[in-house]
Amino acid sequence: MKTTTILLLTFISFSSLAQTEFKNTIGVSGGFTSFGTGDVKGYHLTPKYERQLTKLIAFQSQLSFANAQSYNSSEYFGVPNNPYTISYLQSSSQKLNVGFLVGIFKRQSHFWGINASVLAARSTQFRYGGFRLNPTQNPPTGLEYIPNPPFYQKKLSMGFGAGLEYRYSISRHFRLGLEAAYQSYYRDTEARINLGAYYSFHRF
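Read in order, the letters of the sequence shown are residues -18 to -1, 1 to 186 in mature numbering (1 follows the signal peptide of the UniProt record, and there is no 0).
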């Protein structure tokens, strides 16, 4: 009788554990990124960790590594006496985001949520080529546009981010996800669309 009671309590304990929400989620996502006004396009990779606080709110932290380039030939500008044969733009960033993921819809295998975060970013920008309007009054013919000087910047800054996330559960532990997000920091912004894979588990 004593052995039967112990086995029954053990079974109930494991059944109860199986029914509880997973507390931890780790994942990785990656996809398309555009910087600034969208003229510099590239890719990013984002590892992520989440800790469930309530049924619908989770603490969320993520690292993000993004890189993008853009090339344009001299014909793109249509400017006479073009000293540049090519225009090259490059942006990259490494960011740490800390914030929250809030569920707005959850039904069976489907989950929709919004995230909001603050971020610390290390970013670089390099620009070579391109033109701007000549600020001189009545500039000579052919000099209505003058070249922009090459530009390089490396910066540490703070910012914010927000996004919309969708996740589909393919098992109790594994989910596939889709995210659209926007992030802003000193002298640059990023918009991204990415796919992700996530694994959820109980705390140890």
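Glycine included, C-beta positions come from ideal geometry on N, C-alpha and C.
{"Item": "Proximity to S105 [Cα-Cα], best of T19, Q72, G95", "Value": "Q72"}
{"Item": "Nearest neighbour of A50, chosen from T19, E57, V80 [CA to CA]", "Value": "T19"}
{"Item": "Contact set for G24: own chain, Cβ-Cβ below 6 Å, skip 5 residues either direction", "Value": "T15, N49, A50"}
{"Item": "Local Cβ density within 10 Å of residue 188, reported as buried at 16 or more and exposed below that", "Value": "Residue 188 lies beyond the stretch modelled for the chain, which goes from -18 to 186, so this question has no answer here."}
{"Item": "Rounded distance between the beta-carbons of L115 and Y127, thought under 8 Å", "Value": "6 Å"}
{"Item": "Beta-carbon spacing of S173, M140 below 8 Å", "Value": "In the sequence as presented, Ser is not what sits at residue 173; that position holds Ala. It is not a contact, given that the beta carbons lie outside the stated cut-off."}
{"Item": "Proximal residues to K30 (C-beta, below 6 Å), its chain only, five neighbours per side dropped", "Value": "G9, Q44"}
{"Item": "Which listed residue (T36, T118, A40, Q76) has its alpha carbon closest to that of H26", "Value": "Q76"}
{"Item": "Local Cβ density within 10 Å of S74, reported as buried at 16 or more and exposed below that", "Value": "buried"}
{"Item": "Which listed residue (Y150, T67, V22) has its alpha carbon closest to that of Y180", "Value": "Y150"}
{"Item": "Own chain residues within Cβ distance below 8 Å of K88, not counting five before or after", "Value": "L38, W94"}
{"Item": "Boundaries of the beta strand (DSSP E) in which K137 is found, first to last residue", "Value": "133 to 151"}
{"Item": "Pairwise C-alpha distance: L125 and P132", "Value": "18 Å"}
{"Item": "Own chain, CB closer than 6 Å to Y167, minus 5 neighbours either side, in chain order", "Value": "A103, S139, G141"}
{"Item": "Distance, L177 Cα to F17 Cα", "Value": "18 Å"}
{"Item": "C-alpha gap between F4 and F156, whole angstroms", "Value": "11 Å"}
{"Item": "Bounding residues of the beta strand (DSSP E) (the contiguous stretch that carries G18)", "Value": "First-last for G18: undefined, no H or E at that position."}
{"Item": "Local Cβ density within 10 Å of L35, reported as buried at 16 or more and exposed below that", "Value": "exposed"}
{"Item": "Local conformation of T171 per DSSP, three classes", "Value": "strand"}
{"Item": "Host beta strand (DSSP E) of V61 (start-end)", "Value": "Unbroken run through V61: none, as it is neither H nor E."}
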